[in-house]
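Colleague: Below: one structure in structure tokens.
Protein chains in written order, with the numbering used here: chain A, -17 to 384; chain B, -17 to 384.
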């Protein structure tokens, strides 16, 4: 008997009608003979509503109490969904974080699941559907904690791992993972199968379908995922480990990021420790550096270092670089209107000419490349921001993603 | 060091501003050197909102899940109040039902508190304020339960008892217990001190300030209560055991009930078991009989029995009495437009003439008395409903309650 984890996000349980619809989805799976654990988020808008209540009391509302407050959101959904399932004559039961319990480590609002007691829930699964709140657990002191990165997706994947589930389905408000942003590029196409690595590259680049940390956990424990829509019957996107995918295309998707800025330090001394000198103070100032490219130095004694950051920290970054005595360079140039375009595909490694085809395509559109960075499954370029959509469309066509 | 239980009802914590106000009340008490446990209800309207959500799924929503759903309301208030206290630099902590735990017995939605583990909270009280949700607990199976009768008041009194508290203050949206309904009778006056017995008689008769079952528990364990307003600095009403009150007045308050109906069975056989025959089928049909009066029979073989019920069950009651073969009587009369007026006062026993003064007062107003019933601290009459306000005003004046 297959054991399935079905996770439903906030918009999927946003109203009573939607909760009843979700109950029907679960009933279908349950009636077909699977053991089901449903993991639910708070009803959409609920978590923000609770955060706003807390902010009216204090901007730095006590973190322990904030977790007590926020965890009530998923508790409400759990009870409503369990009740809706019972109304469909399915034996269902909500299991709150402390009733299982879901044990977490780490600080409030940023905990991670480390263990669960499986026996009670496993026994119950033989006779009914368990409904479990996402996004939360308890600490070893018995305090309520919430899970920082990944939220309810992370709970679903952790449960899938601990319960040795056969699959983990993430129900959301989109049809799956797309080859690029379907809201901006109408020819964007739903991807049927994608590897964990590709999914990570795409999600960190803006395809915000699933939280990266949850995908990472699934990859680590090889738990197959499926992202699909709560509101249609269409198949979603299956996410596997790379070896289980037969690649017919070299490129799976085109991602792009907005609001980027580029800084180039020209004439940096080319010796060990220089890069560390540059990035240490930025890290201390909590400035997130994205792409880093170091060009080969021409005169064998200096080099040029280019990196990208978010546009809103450009001023702060420049100030740090210009005031810090340990950072030596001849000149600093910056461009605050750039975008990063990436093609992602696990099939890239084995397909010759992908790099060349990308560069030629951009050249055909008269798009100048300001910097290039490559990895095993990703090729990113920095271009002027105004060319973003043109570039994405062109690459989408070149790599036959339409 | 005094240990105080402060309970805040739904309207007292109905908005963020009110929760902050409540935090200030607690701070004042805490700074004056008391150990404080705050017991809170859900924000006003919240419980009904949650009930409505459940009713949109099923009218007979599963009771276990309903308790999971409803208990989230007090959880939210707990977290917000604890956060507001911390913002005032008071070490505060929410303790949920399962964290203490508050153990209950009895079925879902109608459980009662049987025990708590005091050690952890008692230890914490030495260094801060504990905030505890009213209205809920957990069963011995670890399921969330809610407390039927008395709700959060019952939690406050149970905690006062278990923690051996010096006092239990019930903060609400009225100034205290009044000599009669202040909304209808403007000369109604706040009562400074009242005995548990009087409070019970008054609250069961319509002065809905505190739940009767909570008052009963307080009486049983002799826990002094104070009912007072969250929104003014005025003193409230203190509720003690009778022997601690020095009565200067014979009558403490005048209560009245609405929507009553009266039934009289004429010519009932006067022998043992007859009354039981009459009221057993009514009890089975869950008809709540209020006042029962049996007149002295004139012919020594039959008697007349009068009783009152709520008006909306009059038809059903008549049908039962008329169709049941075990109930024998000569005639049945009824009046569906009656009211019950009661004077309540622990000082009545020791004051001669109270009964006479009541009857004379009503006669002066040309009000006919349809039935009379007396107890140690209460004297009730049934009158035509249209005379209700006149009667209450007159009695209020006669017994110098204005």
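By construction, the Cβ of each residue, glycine as well, lies at the ideal position given by its N, Cα and C atoms.
Would residue 116/A and residue -11/A be called neighbours here (beta carbons separated by less than 9 Å)?
Modeller: As a working note, residue 116/A is residue 134 in the first chain. As a working note, residue -11/A is residue 7 in the first chain. The answer is yes: Cβ separation under 9 Å.
Colleague: Is residue 226/A close to chain B, meaning its C-beta is less than 9 Å from at least one C-beta of that chain?
Modeller: Locating residue 226/A in the first chain gives position 244, where the first residue counts as 1. Residue contact with chain B for residue 226/A: absent (no Cβ-Cβ distance below 9 Å to any residue of chain B).
Colleague: Assess, as a yes-or-no matter, whether the region 249 to 264 of chain B is touched by the region 363 to 380 of chain B under the definition of 3 or more beta carbon pairs within less than 8 Å.
Modeller: no
Colleague: Along the chain, where does the alpha helix (DSSP H) containing residue 216/A start, and where does it finish?
Modeller: Taking the first chain and counting its residues from 1, the one referred to as residue 216/A is at position 234. Unbroken run through residue 216/A: none, as it is neither H nor E.
Colleague: Any beta carbon from chain B within less than 9 Å of residue 110/A's own beta carbon?
Modeller: Numbered from its first residue, the first chain carries residue 110/A at position 128. With 9 Å as the cut-off, residue 110/A does not count as an interface residue toward chain B.
Colleague: Are the C-beta atoms of residue 81/A and some chain B residue less than 9 Å apart?
Modeller: Here residue 81/A refers to the residue found at position 99 when the first chain is read from its first residue. When Cβ-Cβ separations below 9 Å define contact, residue 81/A makes contact with chain B.
Colleague: Bridge partners for residue 366/B per DSSP, in chain order?
Modeller: As a working mapping, residue 366/B is identified with position 384 in the second chain. Residue 366/B is bridged to 320/B.
Colleague: When DSSP labels each residue in this structure, what does residue 97/A get in the three-state scheme?
Modeller: What you label residue 97/A is simply residue 115 of the first chain in a count that begins at 1. Looking at residue 97/A - three-state DSSP - the assignment turns out to be strand.
Colleague: Between residue 385/B and residue 76/B, is the Cβ-Cβ spacing less than 9 Å?
Modeller: Past the edges of chain B, shown from -17 to 384, lies residue 385/B, and the structure says nothing about it.
Colleague: Less than 8 Å between the CB atoms is what I'm expecting for residue 292/A and residue 306/A, so what's the real figure, rounded?
Modeller: Taking the first residue of the first chain as position 1, residue 292/A is located at position 310. Taking the first residue of the first chain as position 1, residue 306/A is located at position 324. Between residue 292/A and residue 306/A the beta-carbon gap is near 20 Å, outside 8 Å, which marks them as no contact.
Colleague: Beta-carbon separation of residue 124/A and residue 94/A under 9 Å?
Modeller: Here residue 124/A refers to the residue found at position 142 of the first chain. Here residue 94/A refers to the residue found at position 112 of the first chain. Note that the C-beta distance between residue 124/A and residue 94/A is not below 9 Å.
Colleague: Along the beta strand (DSSP E) that carries residue 118/B, what are the first and last residues, could you check?
Modeller: Along the second chain, one-based indexing puts residue 118/B at 136. Its beta strand (DSSP E) spans residues 118 to 120.
Colleague: Going along chain A, which residues have a C-beta under 7 Å from residue 118/B?
Modeller: By 1-based counting over the second chain, the position of residue 118/B is 136. Neighbours of residue 118/B on chain A: none; closest Cβ ~12 Å, over 7 Å.
Colleague: Skipping 5 residues on each side, what residues in its chain have a beta carbon closer than 7 Å to that of residue 57/A?
Modeller: As a working note, residue 57/A is residue 75 in the first chain. So the qualifying residues of the chain are 78 and 115.
Colleague: Using the C-alpha atoms, what's the distance from residue 82/A back to residue 371/A?
Modeller: To locate residue 371/A, count along the first chain from 1; it is residue 389. To locate residue 82/A, count along the first chain from 1; it is residue 100. If I take the Cα positions, the gap works out to 48 Å.
Colleague: Taking residue 72/A as the query, report the chain B residues whose CB atoms sit under 8 Å from its CB, ordered along the chain.
Modeller: Looking up residue 72/A in the first chain gives position 90. By Cβ distance, chain B contributes nothing, its closest Cβ being about 11 Å from residue 72/A, past 8 Å.
Colleague: Is the beta carbon of residue 160/A closer than 9 Å to that of residue 175/A?
Modeller: Here residue 175/A refers to the residue found at position 193 when the first chain is read from its first residue. Here residue 160/A refers to the residue found at position 178 when the first chain is read from its first residue. No, the pair does not count as a contact, with Cβ atoms beyond the cut-off.
Colleague: Determine which residues share a DSSP beta bridge with residue -12/A and list them.
Modeller: Walking along the first chain from the start, residue -12/A turns up at place 6. BP columns for residue -12/A point to 20/A and 151/A.
Colleague: Which runs of the beta strand (DSSP E) spanning at least 3 residues fall entirely within the region 222 to 280 of chain A, listed in chain order?
Modeller: 235 to 251 and 274 to 276
Colleague: Identify the continuous alpha helix (DSSP H) that holds residue 64/A and give its terminal residues.
Modeller: Start at 1 with the first residue of the first chain, and residue 64/A comes out as number 82. For residue 64/A, the uninterrupted alpha helix (DSSP H) segment begins and ends at 45 to 69.
Colleague: Going straight from the alpha carbon of residue 126/B to that of residue 120/A, what length do you get?
Modeller: As a first step, residue 126/B must be located in the second chain, where it is residue number 144. As a first step, residue 120/A must be located in the first chain, where it is residue number 138. In a straight line, the C-alpha of residue 126/B is about 17 Å away from that of residue 120/A.
Colleague: Suppose you measure from the CA of residue -17/A to the CA of residue 105/A; what does that come to, to the nearest Å?
Modeller: Locating residue -17/A in the first chain gives position 1, counting from the first residue. Locating residue 105/A in the first chain gives position 123, counting from the first residue. If I take the Cα positions, the gap works out to 14 Å.
Colleague: Can you find a CB in chain A that lies within less than 9 Å of the CB of residue 51/B?
Modeller: By 1-based counting over the second chain, the position of residue 51/B is 69. Taking Cβ atoms only, chain A reaches closer than 9 Å to residue 51/B, which makes this a yes.
Colleague: By DSSP's criteria, residue 145/B is part of a beta bridge. Which residues make up the other side?
Modeller: As a position in the second chain, residue 145/B is number 163, starting the count at 1. For residue 145/B, which the question treats as bridged, DSSP gives no partner whatsoever.
Colleague: Can you name, in chain order, every residue of its own chain whose Cβ lies under 7 Å from the Cβ of residue 318/A, other than the five neighbours on each side?
Modeller: In the first chain, residue 318/A corresponds to position 336, counting from 1. Excluding sequence neighbours, residue 318/A sits near 243, 293 and 296.
Colleague: Along chain B, which residues have their Cβ under 7 Å away from the Cβ of residue 43/A?
Modeller: For the purposes of this step, residue 43/A is identified with residue 61 of the first chain, where counting begins at 1. Within chain B, the residues near residue 43/A are 65.
Colleague: Can you pull the chain A neighbours of residue 69/B, defined as C-beta to C-beta under 7 Å?
Modeller: Residue numbering aside, residue 69/B sits at position 87 when the second chain is read from its first letter. Going along chain A in sequence order, the residues near residue 69/B (Cβ under 7 Å) are 39 and 40.
Colleague: At a CB-CB cut-off below 7 Å, which residues of chain A make contact with residue 412/B?
Modeller: The shown model of chain B, from -17 to 384, leaves out residue 412/B, and the question about it has no answer.
Colleague: Within this structure, are the beta carbons of residue 246/A and residue 287/A separated by less than 9 Å?
Modeller: Translated into positions along the first chain, residue 246/A becomes position 264. Translated into positions along the first chain, residue 287/A becomes position 305. Yes, Cβ-Cβ distance for residue 246/A and residue 287/A is below 9 Å.
Colleague: So, using beta-carbon positions, are residue 211/B and residue 197/B closer together than 9 Å?
Modeller: Looking up residue 211/B in the second chain gives position 229. Looking up residue 197/B in the second chain gives position 215. The answer is no: Cβ separation not under 9 Å.
Colleague: Quick check: what's the CA-CA separation for residue 351/B versus residue 108/B?
Modeller: Position 369 of the second chain, counted from the first residue, corresponds to residue 351/B. Position 126 of the second chain, counted from the first residue, corresponds to residue 108/B. Their Cα atoms are separated by approximately 58 Å.
Colleague: Excluding the five sequence neighbours on either side, which residues of its own chain have a C-beta within less than 6 Å of the C-beta of residue 312/A, listed in chain order?
Modeller: Here the question's residue 312/A lines up with position 330 in the first chain. Closer than 6 Å at the Cβ level, and outside the excluded window around residue 312/A, lie 248 and 249.
Colleague: Any beta carbon from chain B within less than 9 Å of residue 2/A's own beta carbon?
Modeller: Numbered from its first residue, the first chain carries residue 2/A at position 20. For residue 2/A, the answer is yes, since a Cβ of chain B falls inside 9 Å of its Cβ.
Colleague: For residue 353/B, which of helix, strand or coil comes out of DSSP?
Modeller: One-based indexing of the second chain puts residue 353/B at position 371. Residue 353/B falls in the strand class under three-state DSSP.
Colleague: Which value, in whole angstroms, describes the spacing of the CA atoms of residue 128/A and residue 41/A?
Modeller: Counting from 1 along the first chain, the entry for residue 128/A is found at position 146. Counting from 1 along the first chain, the entry for residue 41/A is found at position 59. Straight-line Cα distance between these residues: approximately 18 Å.
Colleague: Where does residue 114/B fall in DSSP's three states?
Modeller: Translated into positions along the second chain, residue 114/B becomes position 132. It is a strand residue.
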